[in-house]
Amino acid sequence: MSAPKAPSAPKDDVSTLTTLGQGATAYPRTVTPGLLETFPNAFPGRRYTVTFASEEFTSLCPKTGQPDFGLITIRYVPDALCIESKSLKLYLFSYRDEGTFMETLTNRILDDLVAACRPLEMEVTGDFAARGGITISVTAGYVKE
Numbered sequence: 006m007s008a009p010k011a012p013s014a015p016k017d018d019v020s021t022l023t024t025l026g027q028g029a030t031a032y033p034r035t036v037t038p039g040l041l042e043t044f045p046n047a048f049p050g051r052r053y054t055v056t057f058a059s060e061e062f063t064s065l066c067p068k069t070g071q072p073d074f075g076l077i078t079i080r081y082v083p084d085a086l087c088i089e090s091k092s093l094k095l096y097l098f099s100y101r102d103e104g105t106f107m108e109t110l111t112n113r114i115l116d117d118l119v120a121a122c123r124p125l126e127m128e129v130t131g132d133f134a135a136r137g138g139i140t141i142s143v144t145a146g147y148v149k150e
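For the sequence shown, position 111 (counting from the first letter as 1) is numbered 116 according to our numbering, and the numbering increases by one without interruption.
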C-alpha cells in the first residue's frame, strides 16, 4: 500500500514583479515607497507570520548628518498580498541618505509597508547602534480593524 499523496502547493504568481532577477541593481538615493512590490499570498486562509531582518540599515541624523546604523526587523501576518524581498531591500536602502530621527523612520517604514500589502498585522522594530553610549530601539505596530 502506498502512502497518501500530499496536496500540491499552489504555483507562485510572479507576473507583477519587476526587480527580482533583473541583473544589475540600481540603488535609489531618496526614500521611494513605490519600490515596494507585492505578490499574491498563496495561502490567504491560513494565518502565518513572515519575518524580515535587515542588518545593514543606515540613515542619517537629521541634525548632524552623521550616519545611524541599525537592524530593522519586520514581522507581519499577510492577508491577500506578500512583500517581495528584493523590493524591500531596495526600499530600505533608499533611507541611506535620509536625515530623519529613528522614531520617525520606524513609523514611516510601517506606514509604507502597510499601504503596500495591507496585512492583517505588522510590527516594525528598529534596533539602532549606540550614539553617545545610548542604544535606541523603536517598535511600531499595526492591526487591521
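In this text, a Cβ means the ideal position worked out from N, Cα and C, and glycines have one as well.
- Message: Let's test the definition: count the other Cβ atoms within 10 Å of the Cβ of E1 and tell me whether it reaches 16, buried, or not, exposed.
- Response: Examination of residue 1 is not possible in this model, given that the chain is present from 6 through 150 alone.
- Message: Considering only the alpha carbon of each residue, which of T56, G75, V19 lies closest to F133?
- Response: Here residue 133 corresponds to residue number 128 of the sequence shown, with the count starting at 1. Comparing Cα positions, the closest option is G75.
- Query: Hey, how far is the Cα of P49 from the Cα of T69?
  - Reply: For the purposes of this step, residue 49 is identified with residue 44 of the sequence shown, where counting begins at 1. For the purposes of this step, residue 69 is identified with residue 64 of the sequence shown, where counting begins at 1. So the two alpha carbons sit approximately 45 Å from each other.
- Query: Which ranges would you report for the alpha helix (DSSP H) in the segment 78–138 if only whole runs of at least 4 residues count?
  - Reply: 90–98, 107–122
- Among Q71, F57, S13, Y32, which has the Cα closest to the Cα of G137? On the sequence shown, position 132 is the one that residue 137 refers to. Cα-wise, what sits closest to G137 is Q71.
- Message: Assuming the contact rule is C-beta atoms closer than 8 Å, F106 and Y32 should be a hit. Round their C-beta distance to whole Å, please.
- Response: The residue you call residue 106 lines up with position 101 of the sequence shown. The residue you call residue 32 lines up with position 27 of the sequence shown. About 23 Å separates the two Cβ atoms, so there is no contact after all.
- Message: Taking 7 Å as the limit between beta carbons, can you name the residues of its chain near L22, skipping five residues before and five after?
- Response: On the sequence shown, position 17 is the one that residue 22 refers to. Contacts found: E42, F44, E89.
- Buried or exposed: D18, going by 16 or more other Cβ atoms within 10 Å of its Cβ? Indexing the sequence shown from 1 puts residue 18 at position 13. D18 should be labelled exposed.
- When DSSP labels each residue in this structure, what does G50 get in the three-state scheme? On the sequence shown, residue 50 is found 45 positions in, with the first residue counted as 1. It is coil, neither helix nor strand.
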